[in-house]
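Reading through the structure tokens given below for one structure.
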């Protein structure tokens, strides 16, 4: 059975059957908790399902882990509030977390003897791409999770040429070399 992803508009042009769904949430630093972010994500995914979207089961599981790790990092490493934006298109779920720290995160190499410090590596491993960019006084980290895995899946990570003002190029090069693999959405009125 085929399920159409596009429908014809009156003028004969194809349109998305399911427009991009967006959501966001903001938490004060002292009120931010990963559990709240996961609840927000679940509510967003339920909203998508209620709107007739078909989502792979693995998407919810992977997205919860990504949200937990990204929001936990924002809480631990940034002094101010954090925000999460979620965007579900026909192709992917984009999870973006913004925080108030201009410090670019580092991806630690796996070490089975180390307690902690594995979060961004997990996010990078699960995601199809991870983008880190300056945003206001802090940064935004966006993880992209494809709804259908690409046959030649090669995760990527993108760091802008100058991710943090004042950061030395040597530090940026080390960060870019240590990375290899690569969103946040909450219900809103859109």
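Numbering (the working numbering), first residue to last: 2 to 191.
Even for Gly, the Cβ is constructed at its ideal location relative to N, Cα and C.
As the structure is a prediction and not an experimental result, all values here were calculated from the model.
Here residue 88 really is in contact with residue 21; their C-beta atoms are around 6 angstroms apart, less than 8 angstroms. Beyond the five residues adjoining it in sequence on each side, residue 63 comes within less than 7 angstroms, by CB distance, of 127 and 146 in the same chain, given in chain order. Taken in chain order, the whole alpha helix (DSSP H) runs of length 4 or more contained in the region 69–142 are 120–127.
The beta carbon of residue 27 sits closer than 7 angstroms to those of 82 and 84, all from its chain and outside the five residues before and after it, given in chain order.
DSSP places residue 26 in the uninterrupted beta strand (DSSP E) bounded by 22–28. Restricting attention to 100, 124, 149 and 120, the CA atom closest to the CA of residue 134 is found in 100. Residues of the same chain with a CB within less than 7 angstroms of the CB of residue 72, apart from the 5 flanking positions on each side, are 33, 35, 38, 83, 85 and 98 in chain order. Residue 46 and residue 54 have their alpha carbons spaced roughly 9 angstroms apart. The C-beta distance from residue 124 to residue 103 rounds to 19 angstroms, too long to fall under 8 angstroms, and the pair is not in contact. Going by DSSP, residue 35 is part of the alpha helix (DSSP H) stretching over 35–51.
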